[in-house]
Structure formats: structure tokens, C-alpha cells
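Here is the structure we will look at, set down as C-alpha cells.
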Amino acid sequence: MDTTAVQTALSRLGYAPGPIDGAWGAKTKGAVVSFQAAKGLTADGVLGPKTIAALQAAVAEMRPVAKAPTQAVEAPAKVQVGGIVPADWMPAARIERIIFHWTAGSHRASGLDRSHYHILIEVDGKLVCGTPSIAANGIGGTGPRASHTLSCNTGSIGVSLCCMAGAVESPFRAGSAPMSAVQWKTLADVLADLCRRYGVPVTPKTVLSHAEVQSNLGIRQRGKWDVARLAFDPSIVGAKACGDAMRAMVGARL
Ligand SMILES: [Zn+2]
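Below, the structure written as C-alpha cells:
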């Protein structure tokens with residue numbers, strides 16, 4: 013690996029190496045030290061064979077698998093280890109939390125849906141990239157952001173399931189586009205990729221649904237109940253129960 017390749021790898025893994033210019037400077041060395049420390053290697057900033065091997069392995073792990081997500085979730089006992097989110101959907105950014113939603117729309121992502129979220133998951137588990145970049149929502153980010161959660165967009169990635177048009181919370185009716193089990197499982201895969209990429213821990217304040225934002229972060233929302241019901245599993249009721257179930261699934265993938 014030459015210096016440019018090392019910088020590219022570090023950047024993709026979220027360790028800011030400075031500009032990718034092939035020049036070995038303090039920022040690149042600092043990023044190497046951080047990476048070594050995270051991997052339990054001697055944190056000396058020297059590119060020895062162990063460090064290079066660890067870098068190559070970490071990048072290989074990030075590569076999206078070729079299989080469609082629907083195939084991957086058919087075997088429920090097997091927890092997926094590879095990534096499903098393409099690496100170029102996850103640019104370097106300072107991210108503090110990931111908030112998951114439903115669109116309250118149809119089973120497919122509309123142009124409007126794409127403008128509000130970073131990643132959308134359609135009914136069959138197909139991923140659709142939103143129009144705003146995750147980098148814009150990162151702390152210190154610039155450019156058009158995704159506005160997905162009232163007063164809570166800075167440092168927040170928004171992921172949304174395409175479903176629940178016309179749904180009613182109480183008495184519960186799932187409406188014309190109920191959430192599918194495949195969407196829910198694919199969400200766990202996507203959240204695991206994002207947690208790994210951005211170093212976000214799986215806690216009720218850092219990986220949560222829109223419906224949990226008010227209770228878990230103390231930021232007022234206007235009657236949001238995404239996700240407080242699972243159309244395919246009526247035994248799980250309420251924002252906390254749904255959030256806890258999702259966090260357990262994400263934790264099992266990390
Ligand atoms: Zn929402």
C-alpha cells in the first residue's frame with residue numbers, strides 16, 4: 013500500500029487522515045495512530061506489516077456484499093457480518109446518533125422521501141440512497157442536510173422504512189403499506205453498518221427511533237409514533253419495546 017492507498021483506506025474507515033494527496037504528514041500519522049489503537053496494535057504511527065494487514069482487512073470488511081439484502085435475511089438464525097450499505101454512501105463525518113423512521117408513505121421511496129433521509133429501505137429490503145449526504149448532517153458539516161427529526165438533525169443520520177401510509181396508532185391500523193419483517197431485519201443490518209462506520213455505540217440515546225427522541229433525548233416532537241408498532245408482530249407494542257428490540261438486533265450484528 014502506498015501513502016495514497018493508506019490515506020484512502022483511513023478516510024473510508026472514518027479516521028480523518030487529512031487530504032488524500034500521497035504526502036505523509038502529521039494528520040495521516042495521527043490517523044494511523046488512532047487506527048492502531050482501535051485495533052489493539054502498537055500505536056506508533058509506523059506502517060508495519062501488521063498495521064497494513066489490519067487496514068486491508070478493515071477495508072475488505074466494509075465492502076458491500078453482492079447478494080441482495082432480501083436473500084441475506086432469509087436465514088433468520090444467521091447474523092450477517094458483512095456490510096450491506098455501499099461504502100460511498102457513508103462519507104467521513106462526525107456522527108453522534110442514528111434515528112430510524114418510517115416514511116408514512118408507500119412501499120417505495122419517492123423523491124420527497126429521498127430528500128428527507130440518508131438511507132431508505134423499501135418493502136423487499138432494497139436500499140435507496142437519499143439525496144442529502146450524511147456528511148452534511150455531521151457536526152461541522154456543510155451543504156443541504158436531511159431534515160428528518162425536529163431540532164435534532166445535527167450529528168444525526170436519518171434512516172427510514174418505506175411504509176405505513178394511512179396507519180393509525182390507536183386503535184392500531186397498519187394502513188395500506190404495512191411494514192414488512194424484511195424491512196425491519198434489513199434496518200438492523202443498515203444500522204450495524206452505520207454504527208461500525210461512524211463509531212456510534214448502541215444505546216437508547218444513540219440508536220433510537222423517532223418515537224423515542226422526546227423521551228430519550230428530551231427534544232420535543234409533534235406526536236411522532238414511528239416506530240411504536242410492528243405491523244408483522246403485534247406482540248411488540250410501544251416505542252421503547254420496538255427500540256429495545258431493534259437495539260438487540262443491531263448489537264447481535266456488531
Ligand atoms: Zn420520523
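Just so we're aligned: the sequence shown equals residues 13 to 266 in our numbering.
Here a beta-carbon is modelled for each residue, glycine too, at the ideal position from N, C-alpha and C.
His222 has its CB nearer than 7 angstroms to a heavy atom of ligand 1. Taking Ala193 as the centre and dropping the five residues before and after it, the same chain places the C-beta of Phe244 closer than 6 angstroms to its C-beta, in chain order. The beta carbon of His130 sits no closer than 7 angstroms to any heavy atom of ligand 1.
Beta bridge pairing from DSSP links Phe112 with Val171 and Ser221. Around Gly255, the same chain offers Leu220, Ser221 and Glu224 as residues with beta carbons nearer than 6 angstroms, after the five sequence neighbours per side are excluded. Measuring C-alpha to C-alpha distances from Val212 to each of Gly142, Thr15, Ile107 and Tyr129 identifies Ile107 as the nearest. By the neighbour-count definition (other C-beta atoms within 10 Å, threshold 16), Arg109 is a buried residue. Judged by their CB atoms, Gly117 and His130 are not nearer to each other than the 8 angstroms cut-off. Just so you know, the alpha carbons of Tyr210 and His160 end up roughly 19 angstroms apart. Beta-bridge partners of Val140 (DSSP): Leu132. Sixteen is the threshold: since fewer than 16 other Cβ atoms of the shown chains lie within 10 Å of the Cβ of Arg234, the residue is exposed. The C-alpha of Trp114 is placed about 9 angstroms away from the C-alpha of Ala177. Note on geometry: alpha-carbon atoms of Gly170 and Leu139 lie some 13 angstroms from one another. Note on Gln195: 16 or more other CB atoms within 10 angstroms of its CB, so buried under the neighbour-count rule.
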